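Heads up: the structure comes next, in structure tokens.
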Amino acid sequence: MKNKEIYYYEDELNDEFSKAQITPRKIDENYIYLHKNPIWNICSILAQNVLSMPIKISYLKFKLKIKYIGKEKIKKYKKLGYFIYANHTQVFADTFIPSIPVYPKRNFFIVNPANVSMKGSGTIIEMLGAMPIPNERNGMKNFLEAIENRINKNYSITIYPEAHIWPYYTKIRPFKSVSFKYPVKMGKPAFCMTNTYKAYGKNKDKAKMITYIDGPFFADKTLPIKEQQEDLRNKIYNCMVERSKNNDIEIIKYEKK
């Protein structure tokens, strides 16, 4: 592509290319993950799985022209809670992409506190399934209880192990094994969704998204806990790296400083 944007990075683990500048709110022991108010919960279900679905489907279909490959792998586990790991390459769509193939199962997603920190829209994002990572140590207990609650209700939870958004990035950035402690601890399956970009159009200068679904992946129970996490991380990372080789267009070029 001619005149493509170039993003310069220094640190693949920590650099962030989201243009939103939001001061994150405090997520501590007072943050409510599991609401007892039935009205709030009804509104959340409606927002998450009814009212937002036409918007999600339309955006993915017309903006990204998305195609899923491997949906049947997830459908076999429709009566079981599981974790989904995905690469982080879309500002808005990354919260939509996992919801479609798992529907009607409710999908929750772990986010940075900044995602729920805007007045008004922060509450809507929470109702749509966002679960912010605590930025205060005393908030971790409630966070972990909420994850276990969602999984035991046979919902799915999506995690972006790369943590930071790199729009239209065509490789898989290295990520840590810390987020793989959840399926290891709870003995649940994990899947990965690898978002790739394929050229189309007369001049092959437009990109459509192909999302590959792979799994299930399970922890190797013969290993110590920490090694189980690392092993599960490696299985998913290697799978995503292989799938990323299907990218054949680069919308934004990334160069190391």
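For any residue, its number in the numbering used here is found by taking its place in the sequence shown, counting from 1, and adding 24. Where a beta carbon is used, it is the ideal one built from N, C-alpha and C, also for glycine. Treat the numbers as computed from the prediction; the structure is a model and nothing was measured.
Nearest-angstrom Cα separation, counted from residue j out to residue i
i	j	result
Y32	K281	6 angstroms
F199	Y184	9 angstroms
Y57	K269	38 angstroms
I93	S123	15 angstroms
I157	Y206	13 angstroms
V208	F242	8 angstroms
F142	K85	According to the sequence displayed, residue 142 carries Met and not Phe. Distance between the alpha carbons of M142 and K85 is about 27 angstroms.
Y236	A117	15 angstroms
W190	N136	15 angstroms
G153	N65	11 angstroms
Local conformation of residue i per DSSP, three classes
i	result
I81	helix
T246	coil
M164	helix
G146	helix
S180	strand
D238	strand
K228	coil
Terminal residues of the beta strand (DSSP E) in which residue i lies
i	result
F86	Counting along the chain, F86 falls outside any beta strand (DSSP E), and DSSP gives it neither H nor E.
Y33	E29 to Y33
Y278	I276 to K280
K222	A214 to Y224
Cβ of residue i within 8 angstroms of any chain C Cβ
i	result
N54	Absent here is chain C; the protein component of the structure consists of one chain.
Pick from the options that is closest to residue i, judged by C-alpha positions
i	options	result
I51	D35, E150 and I108	E150
E96	A223, T246, Y221 and M217	M217
E251	K212, E274 and F204	F204
S201	Y221, L256 and E160	L256
N258	K230, K212, D229 and I196	I196
A187	E29, K28 and F41	F41
Spatial neighbours of residue i in its chain, beta-carbon cut-off 8 angstroms, leaving aside the 5 residues before and after
i	result
Y179	G105, K129, R130, N131 and F132
K87	A117
E172	M210
Beta-carbon contacts of residue i that lie in its chain and below 6 angstroms, excluding the five residues immediately before and after
i	result
Y109	I183, P185, C216 and I260
I234	K91, T220 and K222
N- and C-terminal bounds of the alpha helix (DSSP H) containing residue i
i	result
E36	Taken as a continuous stretch (DSSP letters only), E36 belongs to no alpha helix (DSSP H), as it is neither H nor E.
V135	Element bounds for V135: not the alpha helix (DSSP H) but the beta strand (DSSP E), N131 to V135.
Neighbourhood of residue i by C-beta, 7 angstroms cutoff - its chain only, sequence neighbours within 5 removed
i	result
Y193	T113 and Y278
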